[in-house]
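In my numbering, the protein residues as written are 3 to 215. Just so you know, even glycine gets a beta-carbon here, dropped at the ideal spot from N, CA and C. See structure below.
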């Protein structure tokens, strides 16, 4: 769970332009060595009341589009996948916490066909939060080693009343991978989002509870 952030973050240290392509091929990159880092930043539009914390999550999906095990769902409460390919990280910069998710593509099991990166508002249902209360939401996918930006999303469209958003998909294309822009909002929040991939939640988004099959 990250604290409120200004428009900056782990992999967003330069001013970037939003992505214009819907799909970006990674065919020219060495998938065995490629590590992607996904970072997000935002600004609260309205102040007072509950904190508007944006949480980053990643789901690993099989060829049926389903999460095979709870350990294939990575977030701040479960910060590493069982295979070790996905790691949720927290960093501290200038007194603020930032979240990022690292994906080591060469370590992703063959059974995983797709990965979904999403963001959600922490305790949204309890506090009646939605992304209409957030401005300057920005997400960057970068090559960890070169720091080259591969995908940059600014303020997803038509998701104002949603409290969770699927932002991007990483999918296999033969021996390579590609990035795809999604921008799908869910007014039912993270429970609605994860349910379409075969996960159910127990008391989500309570911090002490983790989704289970």
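Per DSSP, the beta bridge partners of residue 41 are 102 and 142.
Distances from the CA of residue 196 to each of 136, 58, 147 and 180 were compared; the closest alpha carbon is that of 58. Separation of the CB atoms of residue 180 and residue 146 is rounded to 18 Å, and the pair is thereby denied contact status at 8 Å.
With respect to residue 116, residue 31 sits apart: the two C-beta atoms are not nearer than 8 Å. For residue 113, the number of other beta carbons within 10 angstroms of its own is below 16, and it is reported as exposed.
For residue 106, the closest alpha carbon among the candidates 118, 119 and 86 is that of 86.
Your pair residue 60 and residue 88 checks out as a contact, with CB atoms roughly 6 Å apart and the cut at 8 Å. Here residue 201 is not near residue 56, since their CB atoms are 8 Å or more apart.
The C-beta distance from residue 140 to residue 39 rounds to 14 Å, too long to meet the 8 Å contact threshold. Here residue 109 has 85, 86 and 87 as same chain residues with Cβ atoms under 8 Å from its own Cβ, once five neighbours each way along the sequence are excluded. Residues of the same chain with a CB within less than 7 Å of the CB of residue 143, apart from the 5 flanking positions on each side, are 38, 40, 152, 153, 170 and 181 in chain order. Within the same chain, Cβ atoms closer than 8 Å to the Cβ of residue 159 are found at 185, the five residues on either side in sequence being excluded. DSSP places residue 173 in the uninterrupted beta strand (DSSP E) bounded by 166-175. When 77, 42, 123 and 92 are compared, the shortest CA-CA separation from residue 187 is found for 123.
When DSSP states are grouped into helix, strand and coil, residue 189 belongs to the coil group. A Cβ-Cβ contact shorter than 8 Å links residue 167 with residue 133.
Under a 10 Å Cβ-count criterion, residue 177 is classified as exposed, with fewer than 16 other Cβ atoms of the shown protein chains found around its own Cβ. Cβ-Cβ distances below 6 Å link residue 91 to 102 in the same chain, with the five nearest sequence neighbours on each side left out; the list follows chain order. For a cut-off of 8 Å, the C-beta gap from residue 199 to residue 67 is around 7 Å, short enough to register as a contact. Residue 148 and residue 36 have their C-alpha atoms roughly 10 Å apart. Taking all protein chains shown into account, residue 43 has 16 or more neighbouring C-beta atoms within 10 Å of its C-beta and is therefore buried. Membership of residue 56 in the beta strand (DSSP E) is indicated by the continuous run 56-63.
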